[in-house]
Amino acid sequence: MGAGLGQPAGVCAGEGPPTPGPGATGGDGTGRAHPGAGGCAGAPGPLGPPAGDGHPYRCLHPRAGVAHPPFLPWGVEGVGGAGAALGLPLRLVPRALVGVGVLEVWAEAEAVTVGTEVSEGREPGLYPAMLRLQGQRCLVVGAGDVAARKVEGLLACGAEVVVVAPEVGEALQALAEAGRVKVHQRPFRPADLAGCRLAIAATGSPEVNRAVAAEARKRGIWVNVVDEPGLCDFMAPAVVRRGPVVVAVSTGGASPALAAALRRQLEGAVGPAYGVLAERLQALRPWVQSALPRPEDRRAFWQAALAPEVLRWAQEGRVEEIQAHLDALVRTWQEAGR
272 MGAGLGQPAG
282 VCAGEGPPTP
292 GPGATGGDGT
302 GRAHPGAGGC
312 AGAPGPLGPP
322 AGDGHPYRCL
332 HPRAGVAHPP
342 FLPWGVEGVG
352 GAGAALGLPL
362 RLVPRALVGV
372 GVLEVWAEAE
382 AVTVGTEVSE
392 GREPGLYPAM
402 LRLQGQRCLV
412 VGAGDVAARK
422 VEGLLACGAE
432 VVVVAPEVGE
442 ALQALAEAGR
452 VKVHQRPFRP
462 ADLAGCRLAI
472 AATGSPEVNR
482 AVAAEARKRG
492 IWVNVVDEPG
502 LCDFMAPAVV
512 RRGPVVVAVS
522 TGGASPALAA
532 ALRRQLEGAV
542 GPAYGVLAER
552 LQALRPWVQS
562 ALPRPEDRRA
572 FWQAALAPEV
582 LRWAQEGRVE
592 EIQAHLDALV
602 RTWQEAGR
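Counting in the working numbering, the sequence shown tops out at residue 609, every number present.
Here is the structure:
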């Protein structure tokens, strides 16, 4: 049976004591064992506040009968990559929060996707990026429903949007009357691209779209042409926005319908509470930076802040539980630092 609130602190449950191995000593040059490396809570190490009776960390083994993933072995032996480099062989949870959740090994590192090699005869993949467009001039050529959606996406980023089209639909006309976009009701001119950071061609004319793409590329302006992946410098992904959280899906132009279907699935999986969680974590960052100067302490704090239960609460919209968890976590670290 897994560790719970009723178990004494410092008790390891489940698979028995871990096996020390490479990386079992501390990464601070002292040779001290990390918490849980060949022992339980109270063992000194760089992941939590100072060791001793006030040490808020204890090691937790996986619940009995539940196998941990092969890439996160419970013992130190065999741990590789960022986990070994950071000396994070075990899952840790603050003693005050035992029973709240078992935390996975975590590290600040770029995600690496298996199978990213470019096969012979296949085009290279796209480089995903999030652009800051606040105050940047962006041109949209076209004024139909598709163009209107592109305009809305740019406005959500704070961009300065200019629309050029011989005819303008009701949605864009309303935005123009509200002063949110500038509309030139006429055909596209190359000079329309002056001072633009991005351009989007969304007309029903392939000739006009190609002209926009050619002129934009000549001026060094990145361009997106709707339904013409071969003419695009960048793809506009299907997007789910939850406050500061932005989840984007792209098929590289292979199937916009599939990207839209995946977005609909993500809309259900990533609810509005994830945006609230991101805002709460953002508010904590200044305190974490000042109160926890050691990188390993900050990593441990954020790991505990994003326990599996917290993500489940976000999915279920349980904002009060999230806030209570974060408040308790801050108090734990404040008390341990006295």
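Positions of the beta carbon are idealized from the N, C-alpha and C atoms, including for glycine.
Keep in mind that this is a model prediction, so the values were computed, not measured.
Under 8 Å between C-beta atoms of residue i and residue j
i	j	result
residue 516	residue 545	yes
residue 468	residue 404	yes
residue 410	residue 443	no
residue 537	residue 585	no
residue 506	residue 524	yes
residue 604	residue 563	yes
residue 541	residue 511	yes
residue 535	residue 466	no
residue 482	residue 459	yes
residue 559	residue 569	yes
Own chain residues within Cβ distance below 6 Å of residue i, not counting five before or after
i	result
residue 417	473 and 497
residue 413	436, 473 and 474
residue 454	434, 439 and 447
residue 456	439
Where residue i falls: helix, strand or coil (DSSP)
i	result
residue 430	coil
residue 593	helix
residue 403	coil
residue 631	No answer is possible for residue 631: the residues shown for the chain start at 272 and end at 609.
residue 577	coil
residue 513	strand
residue 604	helix
residue 454	strand
residue 490	coil
residue 414	coil
residue 469	strand
residue 551	helix
residue 532	helix
residue 497	coil
residue 541	coil
residue 519	strand
residue 583	helix
residue 435	strand
residue 408	strand
residue 526	coil
residue 395	coil
residue 546	helix
residue 572	helix
residue 481	helix
residue 556	helix
residue 377	With a pLDDT of 34 at residue 377, under the threshold of 50, the modelled position of that residue is not reliable, and no figure is offered here.
residue 504	coil
residue 445	helix
residue 476	coil
residue 563	coil
Per-residue burial, residue i [other beta carbons within 10 Å of its own, 16 or more giving buried]
i	result
residue 598	exposed
residue 521	buried
residue 502	buried
residue 470	buried
residue 486	buried
residue 578	buried
residue 400	exposed
residue 449	exposed
residue 595	exposed
residue 528	exposed
residue 530	buried
residue 445	exposed
8 Å Cβ shell around residue i - same chain, five flanking residues per side excluded
i	result
residue 451	426 and 432
residue 550	514 and 515
residue 533	509 and 520
residue 488	494 and 504
residue 593	544, 547, 548, 551, 581, 584 and 585
residue 477	499
residue 588	542, 543 and 544
Residues of its chain near residue i, where Cβ-Cβ distance is below 7 Å and the 5 sequence neighbours each way are ignored
i	result
residue 566	none
residue 461	486
residue 419	440, 442 and 443
residue 406	429 and 431
residue 557	none
residue 553	515
Beta carbon proximity, residue i to chain D, threshold 8 Å
i	result
residue 552	Structure shown: chain D not included; a single protein chain is present.
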